[in-house]
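The block underneath contains the structure these notes are about, expressed in structure tokens.
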Amino acid sequence: MFEKRVSVHTRSATTRANWAKAGIAALVIAGLGGCTFTQTSDVSNPLVRKASWFSYLNADDLRQACSAGTADGQIRIIYNADYYKEVRVFELMPYPGNEEFNLTTRVFGPLQVKDINVELNAPLGAFGGEEAVDRIDRASYLAITDALQAEGFGTQSRDGLRLYSDDYYWVAIGCSSSNITLAAWASGVDDMRALDFPDVLANLSSVERELPEPPAVENARSQGAAQLHYVQNNDSRDFYRTVRGNMLR
Numbered sequence: 008m009f010e011k012r013v014s015v016h017t018r019s020a021t022t023r024a025n026w027a028k029a030g031i032a033a034l035v036i037a038g039l040g041g042c043t044f045t046q047t048s049d050v051s052n053p054l055v056r057k058a059s060w061f062s063y064l065n066a067d068d069l070r071q072a073c074s075a076g077t078a079d080g081q082i083r084i085i086y087n088a089d090y091y092k093e094v095r096v097f098e099l100m101p102y103p104g105n106e107e108f109n110l111t112t113r114v115f116g117p118l119q120v121k122d123i124n125v126e127l128n129a130p131l132g133a134f135g136g137e138e139a140v141d142r143i144d145r146a147s148y149l150a151i152t153d154a155l156q157a158e159g160f161g162t163q164s165r166d167g168l169r170l171y172s173d174d175y176y177w178v179a180i181g182c183s184s185s186n187i188t189l190a191a192w193a194s195g196v197d198d199m200r201a202l203d204f205p206d207v208l209a210n211l212s213s214v215e216r217e218l219p220e221p222p223a224v225e226n227a228r229s230q231g232a233a234q235l236h237y238v239q240n241n242d243s244r245d246f247y248r249t250v251r252g253n254m255l256r
């Protein structure tokens with residue numbers, strides 16, 4: 008009888024612990040998606056990044072400007088190389104006349120997961136960043152867009168693709184003639200090492216740090232394996248977004 012009471016108590020404690028872990032993970036994820044990223048938001052601010060990452064990843068600010076007709080030619084390209092290790096962002100912004108463009112590169116990370124908690128004195132996303140702004144000509148801009156289009160930018164059909172934070176993926180969102188185009192490439196679905204546009208971007212950027220190398224095809228995690236890991240890892244601060252049309256949900 009005594010042993011049964013201990014067993015019940017242990018299961019109860021374990022259940023409470025699991026619920027607590029799930030609650031913390033939910034708070035972290037809620038923090039990532041709680042606010043809308045706007046045209047006046049500063050993604051280099053770790054608190055802003057924490058509060059509006061989902062919105063930034065979906066380019067809500069660019070979408071709003073695109074619908075207003077003020078973002079033609081703008082492109083946001085994000086490389087998630089295991090979120091807590093490195094995220095690389097490339098932003099293309101045209102000058103009037105579309106003959107010259109700013110290529111802004113931002114590097115966030117790395118950060119050890121063990122150093123993260125949900126306290127205010129150590130907010131999620133509070134990792135150092137590096138930024139470089141390079142002025143490029145139209146030929147260089149077209150080299151980027153041509154490389155993107157060669158990999159399916161503008162023609163992809165990726166509805167339902169899940170992008171996991173602890174994996175490797177690229178997202179490109181651009182505005183043309185007040186229309187939004189989204190494309191995504193993910194490890195386990197695409198041969199990430201065979202993509203050409205990352206090298207084009209890296210060669211045009213003055214950031215000297217090399218892009219993190221994604222897993223080889225034979226070592227990449229499948230979507231099914233990623234989902235299983237996400238479900239089973241209830242102590243995780245990981246998250247995912249799903250491609251729905253030209254949106255990330």
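With our numbering, letter number 44 in the sequence shown gets 51, and the count goes up by one each step, no holes. We put the beta carbon where it would ideally sit given N, CA and C, even for glycine.
Q) When we look at the beta-carbon of residue 245 and count the other beta-carbons within 10 Å, is it buried (16 or more) or exposed? A) Numbered from 1 along the sequence shown, position 238 holds the residue referred to as residue 245. That one is buried.
Q: Check residue 152 in the structure and name its three-state DSSP category.
A: Numbered from 1 along the sequence shown, position 145 holds the residue referred to as residue 152. Note: residue 152 maps to helix in three-state DSSP.
Q) residue 101 lies in the beta strand (DSSP E); which residues open and close that run? A) Translated into positions along the sequence shown, residue 101 becomes position 94. Residue 101 -> beta strand (DSSP E) spans 93–101.
(Q) Whether or not the region 46–56 and the region 150–167 are in contact is what I'm after, with contact meaning three or more pairs of Cβ atoms, one per stretch, closer than 8 Å; do they touch? (A) no
**Q.** Validate contact between the region 59–73 and the region 104–114 using beta carbons, cut 8 Å, 3 pairs
**A.** no
(Q) Quick check on the DSSP output: the beta strand (DSSP E) that includes residue 183 runs from which residue to which? (A) Walking along the sequence shown from the start, residue 183 turns up at place 176. Element bounds for residue 183: 175–183.
Q) Are residue 190 and residue 230 close, meaning C-beta to C-beta below 8 Å? A) Taking the sequence shown and counting its residues from 1, one reaches residue 190 at position 183. Taking the sequence shown and counting its residues from 1, one reaches residue 230 at position 223. No.
Q: Tell me whether residue 224 is buried or exposed, calling it buried when 16 or more other Cβ atoms sit within 10 Å of its Cβ.
A: In the sequence shown, residue 224 corresponds to position 217, counting from 1. It counts as exposed.
Q) What are the start and end residues of the beta strand (DSSP E) that includes residue 136? A) Residue mapping note: residue 136 aligns to position 129 of the sequence shown, counting from 1. Segment 136–144, the beta strand (DSSP E) holding residue 136.
Q.
For a quick check, are the C-beta atoms of residue 151 and residue 208 less than 8 Å apart?
A. One-based indexing of the sequence shown puts residue 151 at position 144. One-based indexing of the sequence shown puts residue 208 at position 201. Going by C-beta atoms, residue 151 is nearer than 8 Å to residue 208.
Q. For residue 49, which residues of its own chain have a beta-carbon under 7 Å away from its beta-carbon, when the five flanking residues on both sides are left out?
A. As a working note, residue 49 is residue 42 in the sequence shown. Once the five neighbours on either side are set aside, the close Cβ partners of residue 49 are 55.
(Q) Cutting at 6 Å between CB atoms, please list the residues of its own chain near residue 180, excluding the five before and the five after it. (A) Taking the sequence shown and counting its residues from 1, one reaches residue 180 at position 173. Counting only Cβ-Cβ distances below 6 Å, and skipping sequence neighbours, we find 66, 83, 189.
Q. Cα separation between residue 183 and residue 81?
A. Position 176 of the sequence shown, counted from the first residue, corresponds to residue 183. Position 74 of the sequence shown, counted from the first residue, corresponds to residue 81. Going by the C-alpha atoms only, they are around 8 Å apart.
(Q) Among the candidates 144, 94, 98, whose CA atom is the shortest distance from the CA of residue 104? (A) The residue you call residue 104 lines up with position 97 of the sequence shown. Closest option to residue 104, Cα to Cα, is 144.
(Q) Only counting the same chain, and skipping five residues up and downstream in sequence, which positions put a Cβ closer than 7 Å to that of residue 236? (A) Position 229 of the sequence shown holds residue 236. Nothing listed; no residue qualifies.
Q.
Quick check on residue 253: does DSSP put it in helix, strand or coil?
A. As a working note, residue 253 is residue 246 in the sequence shown. DSSP places residue 253 in coil when its eight states are reduced to three.
Q: Over the uninterrupted beta strand (DSSP E) stretch that includes residue 207, give me the two end residues.
A: Taking the sequence shown and counting its residues from 1, one reaches residue 207 at position 200. Taken as a continuous stretch (DSSP letters only), residue 207 belongs to no beta strand (DSSP E), being part of the alpha helix (DSSP H) at 204–211.
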